[in-house]
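Residue numbering for the sequence shown is 266 to 472, as defined by the numbering used here.
In what follows, a single structure is set out as structure tokens and then discussed.
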Amino acid sequence: MELIKVGGSVFKELPNLIQSLRSLKKDIIIVPGGWIFADLVRELDKKYGLKEKISHWMAIACMDVYAYFIASFGANAVMPNNFSDLKSLRGINVILTHNLLRGDEEFNDLPHSWEVTSDSISVWLSYKLRLRRTVKVTDVDGVFIDGKLVKAIKASELLKLNVETCVDKFAPRLLKDFGIDMFVCNAKEVKNYILKGKAKGTLIKGE
Numbered sequence: 266m267e268l269i270k271v272g273g274s275v276f277k278e279l280p281n282l283i284q285s286l287r288s289l290k291k292d293i294i295i296v297p298g299g300w301i302f303a304d305l306v307r308e309l310d311k312k313y314g315l316k317e318k319i320s321h322w323m324a325i326a327c328m329d330v331y332a333y334f335i336a337s338f339g340a341n342a343v344m345p346n347n348f349s350d351l352k353s354l355r356g357i358n359v360i361l362t363h364n365l366l367r368g369d370e371e372f373n374d375l376p377h378s379w380e381v382t383s384d385s386i387s388v389w390l391s392y393k394l395r396l397r398r399t400v401k402v403t404d405v406d407g408v409f410i411d412g413k414l415v416k417a418i419k420a421s422e423l424l425k426l427n428v429e430t431c432v433d434k435f436a437p438r439l440l441k442d443f444g445i446d447m448f449v450c451n452a453k454e455v456k457n458y459i460l461k462g463k464a465k466g467t468l469i470k471g472e
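Structure follows, in structure tokens:
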């Protein structure tokens, strides 16, 4: 089973991405980003000063909206009742995460802030499913530091650098704590990485 976080920035690539994933003939769980819907929540948060917990759950609910959009291109939209349901899924599935995470006491202990986005959630779900890696699909080639694409970096090193990248700020901490790797790439490189273990992108090592 592979777990792949698909950001809103690649919405134009979804038809080809789903087709590419289907050709792998693997069981795949897609974790959606929040896309333009979460951006709206950010605007509301700035305007009305929402409580962090409220805005966080609103943003997670936005992931479910994007999930249905992704599903329209050939994936199954699934609302799992528990993590055992996730493990039994077959085929290409995009997950509606809101209810699942609301009922997870461990997840509720994490910070409710804009630092914990769908990137962190994809790592969290990988941990719950006992997967060793997750893939983040975005509109850039990987993690850039000082304008240069980094091929590989430890999560602990990324934390020390404390720089803005395409990965949310809390994800490296979870990667390090859980010993999970994250590969960051564009939509065209996902198939190469899953099949060959090598592709253009950035490997964030869970160390």
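All C-beta atoms in this analysis are idealised placements derived from N, C-alpha and C, irrespective of residue type, glycine included.
No experiment lies behind these values; they were computed from the predicted model shown.
Close Cβ partners of residue i (< 6 Å) along its chain, the five nearest in sequence each way excluded
i	result
Ala324	Gly299, Ala303 and Val306
Phe338	Leu279, Pro280 and Ile283
Phe348	Lys393
Beta-bridge pairing of residue i - partner residues as DSSP gives them
i	result
Pro297	Val271
Lys401	Lys270 and Val449
Euclidean distance between Cα positions of residue i and residue j
i	j	result
Asp310	Thr430	22 Å
Phe443	Glu380	18 Å
Ser353	His377	29 Å
Ala452	Leu268	14 Å
Ile459	Val428	28 Å
Host beta strand (DSSP E) of residue i (start-end)
i	result
Ala340	Unbroken run through Ala340: none, as it is neither H nor E.
Leu468	Thr467 to Lys470
Val359	Ile357 to Ile360
Ala417	Ala417 to Lys419
Residue span of the alpha helix (DSSP H) that contains residue i, given as start and end
i	result
Lys456	Val455 to Lys461
Ala436	Ala436 to Phe443
Lys352	Phe348 to Lys352
Neighbour-count burial assignment, residue i, 16 or more Cβ in a 10 Å radius
i	result
Lys401	buried
Asp433	buried
Sequence-distant residues of its chain with Cβ nearer than 8 Å to residue i (five each side left out)
i	result
Asp446	Arg397, Arg398, Thr399, Leu440, Leu468, Ile469, Lys470 and Gly471
His363	Trp322, Ile325, Ala326, Met328 and Asp329
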